[in-house]
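Accompanying notes for the structure given below.
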Amino acid sequence: MSQDWDAGRLDSDLEGVAFDTLAVRAGQHRTPEGEHGDAMFLTSSYVFRTAADAAARFSGEVAGNVYSRYTNPTVRAFEERMAALEGAEQAVATATGMAAILSVVMSLCSAGDHILVSRSVFGSTISLFEKYFKRFGVQVDYVPLA
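The opening position of the sequence shown corresponds to residue 8 in the working numbering, with each subsequent residue numbered one higher.
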């Protein structure tokens with residue numbers, strides 16, 4: 008199939024465009040099929056030419072997808088779009104809000120830190136703070152929203 012456009016990254020020329028355009032186009036990568044919308048990669052795993060190729064990818068020696076719980080082109084496009092909308096260099100998508108909370112607190116807090124949390128947070132968040140973060144020496148206090 009021949010085509011008149013370059014397959015690949017489309018957001019290289021999005022500097023200075025409107026927020027609405029970023030919301031639709033940032034992070035978009037076209038496959039050689041030339042689809043107009045975002046391609047969806049509904050797979051859990053990927054194919055490798057040889058066992059050595061697989062080993063190199065799994066070890067991180069060679070970049071590329073190995074398993075969708077680690078990386079996936081669909082999720083990466085979402086992350087790139089969110090980063091563009093926020094004016095950030097990178098973004099990280101998580102499967103759940105609890106995973107997002109855990110990731111943020113674990114990356115920013117250390118033993119001896121003290122955080123304030125709204126009293127109206129999701130119930131499991133309180134369990135996370137009370138059972139686990141306190142055990143690691145992170146102090147938590149709950150405050151009213153208003």
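C-beta atoms are modelled at their ideal positions from N, C-alpha and C, and glycine is treated no differently.
Please return the same chain residues whose Cβ sits closer than 7 Å to the Cβ of residue i, not counting the five positions on each side in sequence.
i     : result
Phe48 : Asn79, Pro80, Thr81
Ala84 : Gly34, Gln35, His36, Asp45
Val73 : Tyr53, Arg64, Phe65
Buried or exposed for residue i, going by 16 or more other Cβ atoms inside 10 Å?
i      : result
Phe129 : exposed
Arg126 : exposed
Phe26  : exposed
Ala91  : buried
What's the gap between the Cα of residue i and the Cα of residue j?
i      : j      : result
Thr50  : Arg76  : 10 Å
Glu22  : Gln97  : 16 Å
Phe143 : Gly41  : 50 Å
Val145 : Leu135 : 11 Å
Asp120 : Ile108 : 16 Å
Ala153 : Leu123 : 13 Å
Ala59  : Ser66  : 10 Å
Met89  : Ala100 : 9 Å
Along the chain, where does the alpha helix (DSSP H) that runs through residue i open and close?
i      : result
Leu29  : 26–32
Val150 : Segment 146–150 is the beta strand (DSSP E) holding Val150; no alpha helix (DSSP H) there.
Ala62  : 58–66
Leu92  : 80–93
Could you please give the first and the last residue of the uninterrupted beta strand (DSSP E) stretch that includes residue i?
i      : result
Val112 : Segment 104–115 is the alpha helix (DSSP H) holding Val112; no beta strand (DSSP E) there.
Ser125 : 121–125
Asp20  : From DSSP, Asp20 is part of no beta strand (DSSP E); its letter is neither H nor E.
Kindly list the residues whose CB is nearer than 6 Å to the CB of residue i, restricted to its own chain and excluding five residues on each side of it in sequence; keep chain order.
i     : result
Gly71 : Arg64
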